[in-house]
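As structure tokens, the structure follows; a few thoughts come after it.
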Amino acid sequence: MLLHPLELCQIQAYFTKTSKPDLLNCLLRTLALNQLPVQVLLIYNQMVQHSSQDHFTYTYALKAASLLVPNAAHKGHEIHARVLKSGHHADLFIQNSLISFYSSAADVASVRWAFAGIARPDVVSWTSLVSALARSGHDAEALAAFASMDARPNPMTLVSVLPACSRLKALNLGKSVHAFGLRSFGGHRSNLILDNAMLELYVSCGDLVAARHLFGEMAERDVVSWTTLIAGYARNQSSEEAIVVFSAMLWDGEAAPNEATLGYLVQV
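Written out as structure tokens, the structure is:
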């Protein structure tokens with residue numbers, strides 16, 4: 131629930147008077163939902179000094195540290211050490227949060243280590259692993275992890291693996307991912323991020339026919355969608371098509387060009 135800053139101050143003032151972990155965890159959750167990671171860590175520090183902690187406490191604290199990397203990288207390591215000491219290291223929520231934290235810190239070795247310690251990875255675990263590997267440039271390993279999944283992928287899994295497909299020009303695998311998205315997520319037309327990732331895949335692999343077809347079927351398009359298609363034509367020396375798409379972008383009015391859009395136009 132998103133709250134007004136004054137309401138948050140009042141709630142925080144009330145809850146910080148208690149040392150009951152359940153109530154303080156409620157405060158951590160509220161602060162996390164309102165995107166206040168610094169405050170989350172402040173309350174966490176208070177709990178370490180004056181209260182007990184459970185798996186909820188560590189999960190919220192790790193997520194906050196992830197959002198504050200690199201400045202809070204040391205805090206994430208400190209929380210991890212306390213997790214090990216407290217015996218909560220086998221909790222799946224904490225394990226997934228550790229993968230997310232180490233991914234944010236670009237510590238791929240620790241990501242692998244955290245994942246290896248999970249007895250039964252769920253879709254969040256696998257998606258976090260694939261995302262961490264792809265974001266750090268370990269594209270082949272990201273594709274191998276995706277192929278090894280024993281949990282059903284969700285839209286975020288597909289969004290995570292498609293950039294790796296794009297960089298490796300793995301068009302056939304990308305098409306399989308695309309087909310899975312079509313079958314599994316209502317045609318994926320309501321997921322703009324997934325649509326854009328698929329569009330980038332086709333453009334990167336030079337399949338502009340498929341890119342244009344997907345673009346035409348998208349329920350929603352933003353500046354990334356338009357710019358990706360324009361970039362595809364510009365990279366493939368299709369100057370006239372790039373200008374036609376740019377003109378359509380201006381006429382349509384659903385997204386305004388940005389510097390990247392104009393930069394690709396200069397190339398045509």
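To convert, take the position in the sequence shown, counting from 1, and add 130; that gives this note's numbering. Cβ coordinates follow ideal geometry from the N, Cα and C atoms, glycine included.
Option in the options with minimal Cα separation from residue i
i	options	result
residue 200	169, 185, 236	236
residue 152	172, 161, 187	187
residue 363	337, 388, 347, 198	337
residue 100	376, 380, 204, 156	In the structure as shown, the chain starts at 131 and stops at 398, and residue 100 therefore has no counterpart that could be examined.
residue 218	182, 239, 295	182
residue 297	284, 315, 314, 271	271
residue 166	223, 194, 256, 279	194
residue 312	371, 283, 334, 276	283
residue 332	157, 315, 366	366
residue 222	214, 203, 249	249
residue 339	368, 281, 230, 381	368
residue 229	263, 208, 212, 267	263
residue 247	214, 220, 276	220
Reduced DSSP category for residue i - H, G, I as helix; E, B as strand; rest coil
i	result
residue 151	helix
residue 268	coil
residue 156	helix
residue 351	coil
residue 308	helix
residue 99	Here the chain covers residues 131 to 398 and nothing more, so residue 99 does not appear.
residue 204	helix
residue 337	coil
residue 242	helix
Proximal residues to residue i (C-beta, below 8 angstroms), its chain only, five neighbours per side dropped
i	result
residue 355	322, 325, 326, 329, 345, 348, 385
residue 360	372, 375, 376, 379, 391, 394, 395
residue 162	170, 190, 193, 194
Sequence-distant residues of the same chain with beta carbon closer than 6 angstroms to residue i, five excluded per side
i	result
residue 342	none
residue 358	329, 330, 333
7 angstroms CB neighbourhood of residue i in its chain, flanking five on each side removed
i	result
residue 299	334, 335
residue 286	257
residue 92	Because the chain is modelled from 131 through 398, residue 92 falls outside the range shown and cannot be assessed.
Heavy atom of the ligand COA within 7 angstroms of residue i beta-carbon
i	result
residue 229	Among the components of this structure there are no ligands whatsoever, and the ligand COA is therefore not found.
Residue ranges of each beta strand (DSSP E) within the segment 275-305, 3 or longer: none
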